[in-house]
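**Student:** Structure incoming, see below.
Numbering (UniProt numbering), first residue to last: 1 to 120.
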């Protein structure tokens, strides 16, 4: 590795927040789609079971992405991959996850919310 100290400067909290935001965006998108498929509107009351389902759908992607980030961080600290590879992998996972959900930009996220809330 050129320079020998490429893997020393770990961004720590910034990476944690990036993985959390990515997981939250995926979970939020899944929640909106689930609510639409179940015919649940923004003003409708939901049962305890539905609240539990919404919570799991929102938090499961966050947990999965944090585990992925943790494992990639371990690989960087072991010297198996560089931070450049870490970031490339992060963006690849983000793009793949969002593309799988049909989200190609911020306008798609806003569009999902507008279709759900009927305000746009």
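Even for Gly, the Cβ is constructed at its ideal location relative to N, Cα and C.
Predicted model, so just to flag it, every value in this text is computed and none were measured.
Pick out whichever of 49, 29 and 36 has its Cα sitting closest to the Cα of residue 108.
**Tutor:** Your numbering for residue 108 matches position 108 in the chain shown. Comparing alpha carbon positions, the residue from 49, 29 and 36 closest to residue 108 is 29.
**Student:** Taking the straight line between their C-alpha atoms, what separation do you get for residue 21 and residue 62?
**Tutor:** Position 21 of the chain shown, counted from the start, is the residue given in the question as residue 21. Position 62 of the chain shown, counted from the start, is the residue given in the question as residue 62. For residue 21 and residue 62, the distance between alpha carbons rounds to 8 Å.
**Student:** Quick test of your reading: residue 15 and residue 79, contact by CB under 8 Å. State the CB separation rounded to the nearest angstrom.
**Tutor:** Taking the chain shown and counting its residues from 1, one reaches residue 15 at position 15. Taking the chain shown and counting its residues from 1, one reaches residue 79 at position 79. Rounded, the Cβ-Cβ distance is 17 Å, inconsistent with contact.
**Student:** Name the two residues that bound the continuous alpha helix (DSSP H) containing residue 67.
**Tutor:** The sequence position of residue 67 within the chain shown is 67, counting from 1. Note, residue 67: alpha helix (DSSP H), 48-78.
**Student:** Which of the three DSSP states is assigned to residue 125 in this structure?
**Tutor:** Residue coverage of the chain in this structure runs from 1 to 120, which leaves residue 125 outside it and unanswerable.
**Student:** Please classify residue 32 as buried or exposed, where buried requires at least 16 other C-beta atoms within 10 Å of its C-beta.
**Tutor:** What you label residue 32 is simply residue 32 of the chain shown in a count that begins at 1. Classification of residue 32: buried, given that the 10 Å Cβ count is 16 or more.
**Student:** Residue range of the alpha helix (DSSP H) that residue 96 falls in?
**Tutor:** Position 96 of the chain shown, counted from the start, is the residue given in the question as residue 96. Taken as a continuous stretch (DSSP letters only), the alpha helix (DSSP H) holding residue 96 covers 83-100.
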